[in-house]
Amino acid sequence: MTRIILIGAGSYAFGYATFRDLFHARDALRGSTITLVDINPDTLAMMTRFAERLNTEAGNPYHIESTTDRRAALIGAEFVIISVAVKRNELWRHDFHIPLKHGVKQVLGENGGPGGLFHAMRNIPILLDIARDIEAISPNAFVINFTNPEGRLCQALNRYTNLRFVGLCHGIDMMRRVVSLTIGIPSDEIDPLAGGLNHFSWVLSLRHRDTSEDLYPSFREGIHARAETIEAEFGHTLRLSRYLMDQFGYWPLPSDDHVGEYIGYAWEFCGLEGYPFDRIDRESAEFREQIVRWTSGQDGVAALIDGGSGERAIPIIVGMLQNTHQYEISVNIPNQGFITNLPDGAIVEVPAVVDANGIHGVSIGALPEPIAALARTQVSIIDRVVEAGVHGDHHAALQALLLDPVVNSAQQAEVILAELLEVHRPYLPQFQK
922 MTRIILIGAG SYAFGYATFR DLFHARDALR GSTITLVDIN PDTLAMMTRF
972 AERLNTEAGN PYHIESTTDR RAALIGAEFV IISVAVKRNE LWRHDFHIPL
1022 KHGVKQVLGE NGGPGGLFHA MRNIPILLDI ARDIEAISPN AFVINFTNPE
1072 GRLCQALNRY TNLRFVGLCH GIDMMRRVVS LTIGIPSDEI DPLAGGLNHF
1122 SWVLSLRHRD TSEDLYPSFR EGIHARAETI EAEFGHTLRL SRYLMDQFGY
1172 WPLPSDDHVG EYIGYAWEFC GLEGYPFDRI DRESAEFREQ IVRWTSGQDG
1222 VAALIDGGSG ERAIPIIVGM LQNTHQYEIS VNIPNQGFIT NLPDGAIVEV
1272 PAVVDANGIH GVSIGALPEP IAALARTQVS IIDRVVEAGV HGDHHAALQA
1322 LLLDPVVNSA QQAEVILAEL LEVHRPYLPQ FQK
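Numbering follows the numbering used here, with no gaps: position 85 of the sequence shown is 1006.
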């Protein structure tokens, strides 16, 4: 019987996925208190009603609470799961279109490039405010972060707090789906060894879970022979990933648009259409209506409580409580020699083992040197982004842009920085000091 706090629970996607996982794990966590926290009382109320409907359907395994008072919620917290953002799509549009107007060919603008800089600088103060409350109220709580840009925000936690934490991302499951579509093996039978940075990780080996058969040869052949069919089924272009595998020897993950945020020439393969904001906004509105139907009883919810979402936060919590020593194929944690040719203290994405003492990274040795060189550039950029995001350091923000491979002009960097600082002024209090 533990106390789990969900900060950002008013988010339809985050709340929905986490609720599914909680009720799938109801036997292991029965009797626990689940506290939903959000600053928006309306969405919080709706998601609380949704959670209560699921709880009733599952036989009331949990005590469900909700509040807009984060500090009150954190009293006695053992696990805190965080997924927060400020006007995510509305502000992201500026992050993408303003740099594009000035000639920056960033393919997504969420986690890398000028867009990733400003996305991080908006979210770092919010995450650190939450972290300081946790340190003051429940300093032994274990923090699980889903907020992007994952590597940048986790580095802020690492550098400016004493909390135990992990960053989670389902990118490796996107890669396993590509492999599954390519070679016809179920995703859960595919056992990858991957390492690098979040959204910029590389599959170093690819084996069958049960037989240890090397799947790389059939994958390499199939991903080229059936490229268009696989892309159509996956729903994303894979041209950049195929090119990088051919040139660097290993498949990058999770997808072209995310990997391409760190590659200056990615636009040649991915185009410059960017994120489909209008479609996603429509789908979000439709999903909200679906949650209303579930909550009202118009649609049944039995299927939601019998299968997990695939996210790993709740299985990791169960693993820590039950001391399972379970293997996790991908977590984001500070490097402690897990990747020997990336700096210690950098946030790396590696496999790990979970037990009662927390999450312990698994050493994967050295990345191939050309890949490590690409990653080290991003580690240096992350350092500058974190300092800019924490201190409102204009110089550090400009350095982050001048280091970034998608920025090709000093004048371009300075103009973009000035314009985005002005556009996002209400959301960057650290720059107003």
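Note that CB positions come from ideal geometry on N, CA and C, so glycine has one too.
The structure presented is a predicted model; accordingly, all values stated were derived computationally and were not measured.
Taking the alpha-carbon positions, what's the residue i to residue j distance?
i	j	result
Tyr1171	Tyr1196	26 Å
Pro1291	Tyr983	49 Å
Gln1382	Arg1346	Summary: the structure shown does not reach residue 1382, with the chain confined to residues 922 through 1354, and so no result is reported for it.
Ala1331	Val1274	44 Å
Asp1054	Leu1048	10 Å
Met1241	Tyr1248	12 Å
Ala930	Ile1019	31 Å
Asp959	Leu995	13 Å
Ile1051	Ala1006	13 Å
Trp1123	Gln1219	44 Å
Ala1321	Thr1132	45 Å
Ile1235	Val1222	19 Å
Ile1238	Phe1000	8 Å
Arg974	Ala938	15 Å
Ser953	Phe1169	47 Å
Leu1074	Gly1181	20 Å
Ala1296	Gly1286	15 Å
Gly1298	Val1269	Contrary to the premise, residue 1298 reads as Thr rather than Gly in this sequence. C-alpha separation (whole angstroms): 13 Å.
Ile1303	Glu978	44 Å
Met1079	Ser1217	Checking the displayed sequence, the identity of residue 1079 turns out to be Asn instead of Met. Cα to Cα, Asn1079 sits roughly 42 Å from Ser1217.
Ile1280	Asn976	29 Å
Pro1289	Pro1175	18 Å
Gly1282	Ala1318	31 Å
Thr1265	Asn1278	For the record, residue 1265 in the displayed sequence is Asp; it is not Thr. Going by the C-alpha atoms only, they are around 21 Å apart.
Glu1207	Leu1136	39 Å
Please classify residue i as buried or exposed, where buried requires at least 16 neighbouring CB atoms within 10 angstroms.
i	result
Met922	exposed
Leu1225	buried
Leu1127	buried
Ala1057	exposed
Gly980	exposed
Gly1231	exposed
Glu1031	buried
Ile925	buried
Asp1016	buried
Gln1257	exposed
What distance in whole Å lies between the Cβ atoms of residue j and residue i, which are believed to be in contact at a cut-off of 8 Å?
i	j	result
Val1327	Gly1034	4 Å
Ile1104	Gly1143	5 Å
Met1042	Ala1309	6 Å
Phe1121	Tyr1183	5 Å
Ile1003	Val1064	7 Å
Pro1070	Pro1350	19 Å between Cβ atoms; not a contact.
In this structure, what does DSSP give as the bridge partners for residue i?
i	result
Arg1371	Residue 1371 falls outside the range modelled here, since the chain spans only 922 to 1354, and no answer is possible.
Ser1126	Leu1114
Tyr1171	Tyr1171 is not bridged to any residue.
Ile1055	Note: Ile1055 sits in no beta bridge, so no partner.
Phe1121	Leu1118
Gln1247	Val1275
Val1180	None, per the DSSP bridge assignment.
His984	Thr954
What residue from the options has the CA that sits closest to residue i's CA?
i	options	result
Val1311	Ser932, Met1095 and Thr1082	Thr1082
His1145	Ser1205, Thr1158 and Ile1093	Thr1158
Pro1060	Phe1039, Cys1075 and Arg1085	Arg1085
Gly1037	Glu1343, Pro1350, Val1336 and Arg1305	Arg1305
Pro1272	Ile955, Pro1264 and Pro1255	Pro1255
Glu986	Ile1093, Leu1263, Ile928 and Gly1313	Ile928
Pro1113	Asp1199, Ile1093 and Arg947	Ile1093
Any Cβ of chain C within less than 8 Å of the Cβ of residue i?
i	result
Ala1187	Given the protein chain composition of this structure (a single chain), no chain C is represented.
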